[in-house]
Amino acid sequence: MLPFSGETRSKPFITAFFFLIYVVGVLINSSIITVICLEVQLHKPMYLFICNLSIVDILFTSVTVPKLLHMLLSGNHIVSSAQCYTQLYFFSGVASAEGILLFIMAYDRYVAICIPLYYSHIFSQRNSTLITIGIWVSAFLNSSMYIITLLYMSSCHSNLIHQFYCDAKSLTKITCTCRPLFFLVAGAEILVIIFVPFLCTCISYVKIFSVIFKMKSKESRRKAFSTFSSHVTVISIYYGTCLAEYLIPAYSRF
């Protein structure tokens, strides 16, 4: 694995930068989880989803950054196939969970703003717990299918990955066997885990904006906007990253 190229003199600064970002991220998200768990008034569906989003952020960085720091500090860039596929399994599972979770959070705001009388029924404590469990189970089932199809693709051109973590895009570039099953599963994953939740999220926010703009009071509109503005930012970053990383450019073998 070749995470960075160039002068070795810059590696201490890169290592310190990633270590600092990792520690700060874990501390901030751990604080959010702790506050939500300890504060009884925050034991509500919206904060349950925020808590899970913080867990997702911790797992995202924990899956990739520690191994990257080890490579930078030791100079050993060798990663076994088992380590690579294990990292990809958890990375894909966490990424899938985040996509579904962001959609659920958008739907939560849609129900709260557009049909508030049904909120306590749709997002009851029991339903919210079941939804959360369903998110994680479906995400890692999806990741399992993804990894199984990847395992049937053999590498022959090279075993060098120009990336700081194992991802499917990098692995497909070094394979000599194009399995239709993998691209079928990959296409289904993009459709079900990325496109459909994104489309539903956009529809939810279109309906939310239409309701907010009909509000007569500026104060009511301001309060309504404040409940989901940060969520819109997170969604923009998530889908913007997906677009930049996996669709621009697309797989070289497509």
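At position 217 of the sequence shown (counting the first as 1) the number is 216 in numbering that gives the first Met the number 0, and the numbers step up by one without a gap.
For each residue, glycine too, the CB sits at the ideal point set by N, CA and C.
Subject >> When F17, I121, F16 are compared against K43, the one with the closest alpha-carbon >> reply: Along the sequence shown, read from residue 1 onward, the residue named residue 43 stands at position 44. That would be I121, whose Cα lies nearest to the Cα of K43.
Original post:
Taking one C-beta from the segment 199-217 and one from the segment 104-124 each time, how about it: are there three or more such pairs within less than 8 Å?
Top reply: A contact between stretches requires three or more CB pairs, one per stretch, nearer than 8 Å, and the segment 199-217 meets this requirement with the segment 104-124.
Original post:
Is the beta carbon of C50 less than 8 Å from the beta carbon of I27?
Top reply: For the purposes of this step, residue 50 is taken as the residue at position 51 of the sequence shown. For the purposes of this step, residue 27 is taken as the residue at position 28 of the sequence shown. No, Cβ-Cβ distance for C50 and I27 is not below 8 Å.
Original post:
Do the segment 122-137 and the segment 221-238 meet, that is, are 3 or more Cβ pairs less than 8 Å apart?
Top reply: By the criterion of at least three beta-carbon pairs nearer than 8 Å, the segment 122-137 is not in contact with the segment 221-238.
Original post:
Between the C-alpha atoms of L190 and F181, what's the straight-line distance to the nearest angstrom?
Top reply: Against the sequence shown, residue 190 aligns to sequence position 191. Against the sequence shown, residue 181 aligns to sequence position 182. Note on geometry: alpha-carbon atoms of L190 and F181 lie some 14 Å from one another.
**OP:** Give the DSSP-derived three-state secondary structure of F122 in the structure shown.
**Re:** Position 123 of the sequence shown holds residue 122. Three-state DSSP puts F122 in coil, outside helix and strand.
Original post:
Going along the chain, which residues of its own chain have a beta-carbon closer than 7 Å to the beta-carbon of V210, five neighbours each way excluded?
Top reply: Stepping through the sequence shown from its first residue, residue 210 is reached at position 211. Only I112, C113 meet the Cβ criterion.
Original post:
When you compare each of L67, P11, Y21, F194 to Y237 by their alpha carbons, which one comes out closest?
Top reply: As a working note, residue 237 is residue 238 in the sequence shown. The shortest C-alpha separation from Y237 is found at F194.
Original post:
Can you tell which of L242, S9, L87 has the C-alpha that lies nearest to the C-alpha of Y164?
Top reply: Position 165 of the sequence shown holds residue 164. Closest option to Y164, Cα to Cα, is L87.
**OP:** Enumerate, from N- to C-terminal direction, the unbroken alpha helix (DSSP H) stretches of 4 or more residues contained entirely within the segment 157-225.
**Re:** 167-172, 179-188, 195-211, 217-225, all fully within the segment 157-225.
Subject >> Sub-8 Å separation of V62 and F89 beta-carbons >> reply: Along the sequence shown, read from residue 1 onward, the residue named residue 62 stands at position 63. Along the sequence shown, read from residue 1 onward, the residue named residue 89 stands at position 90. Against a cut-off of 8 Å, the Cβ pair of F89 and V62 comes out as a contact.
**OP:** Check each candidate in H76, S229, L68 and name the one with the smallest Cα separation from I160.
**Re:** If you number the sequence shown from 1, residue 160 lands on position 161. Here the closest residue by C-alpha is H76.
**OP:** With DSSP as the reference, label G98 as helix, strand or coil.
**Re:** Position 99 of the sequence shown holds residue 98. Helix at G98.
Original post:
Looking only at its own chain, which residues have a Cβ that is under 7 Å from the Cβ of G239, when we skip the five neighbours before and after it?
Top reply: For this step, residue 239 is matched to residue 240 along the sequence shown. The answer is none, since no qualifying residue turns up.
Subject >> Cβ-Cβ distance between S142 and S95 below 8 Å >> reply: Counting from 1 along the sequence shown, the entry for residue 142 is found at position 143. Counting from 1 along the sequence shown, the entry for residue 95 is found at position 96. For S142 and S95, yes; Cβs fall inside 8 Å.
**OP:** Have a look at W135 and G92 and give me their C-alpha separation to the nearest angstrom.
**Re:** Stepping through the sequence shown from its first residue, residue 135 is reached at position 136. Stepping through the sequence shown from its first residue, residue 92 is reached at position 93. Rounded to the nearest angstrom, the gap between the Cα atoms of W135 and G92 is 8 Å.
Original post:
Considering only residues of the same chain and omitting the five flanking positions on each side of I32, which have a CB-CB separation below 6 Å?
Top reply: As a working mapping, residue 32 is identified with position 33 in the sequence shown. Answer for I32: C50, S53, listed in chain order.
**OP:** Can you tell me the Cβ-Cβ gap for K168 and L71, rounded? I've got them flagged as a contact below 8 Å.
**Re:** On the sequence shown, position 169 is the one that residue 168 refers to. On the sequence shown, position 72 is the one that residue 71 refers to. About 22 Å; that fails the 8 Å criterion.
Original post:
What first and last residue would you give for the alpha helix (DSSP H) that runs through H230?
Top reply: Start at 1 with the first residue of the sequence shown, and residue 230 comes out as number 231. Segment 228-241, the alpha helix (DSSP H) holding H230.
Original post:
Would you call the CB atoms of P196 and G74 closer than 8 Å?
Top reply: Taking the first residue of the sequence shown as 1, we reach residue 196 at position 197. Taking the first residue of the sequence shown as 1, we reach residue 74 at position 75. Going by C-beta atoms, P196 is not nearer than 8 Å to G74.
Original post:
Using the rule of at least 16 other Cβ atoms within 10 Å of the residue's Cβ for burial, across every protein chain shown, is T232 buried or exposed?
Top reply: Position 233 of the sequence shown, counted from the start, is the residue given in the question as residue 232. Residue burial annotation: T232 is exposed, with fewer than 16 other C-beta atoms found within 10 angstroms of its C-beta.
**OP:** Select from S235, I207, L242 the residue whose C-alpha is nearest the C-alpha of P115.
**Re:** On the sequence shown, position 116 is the one that residue 115 refers to. Ranking the options by Cα distance to P115, first place goes to I207.
Subject >> Contact set for T148: own chain, Cβ-Cβ below 7 Å, skip 5 residues either direction >> reply: Taking the sequence shown and counting its residues from 1, one reaches residue 148 at position 149. Taken in chain order, the residues that qualify are R178, L180, F181, V184.
Original post:
Helix, strand or coil for G74 per DSSP?
Top reply: Locating residue 74 in the sequence shown gives position 75, counting from the first residue. If DSSP states are grouped into helix, strand and coil, G74 belongs with coil.
**OP:** Would you tell me roughly how many angstroms separate the C-alpha atoms of A187 and M144, rounded to the nearest one?
**Re:** Translated into positions along the sequence shown, residue 187 becomes position 188. Translated into positions along the sequence shown, residue 144 becomes position 145. Roughly 11 Å between the two C-alpha positions.
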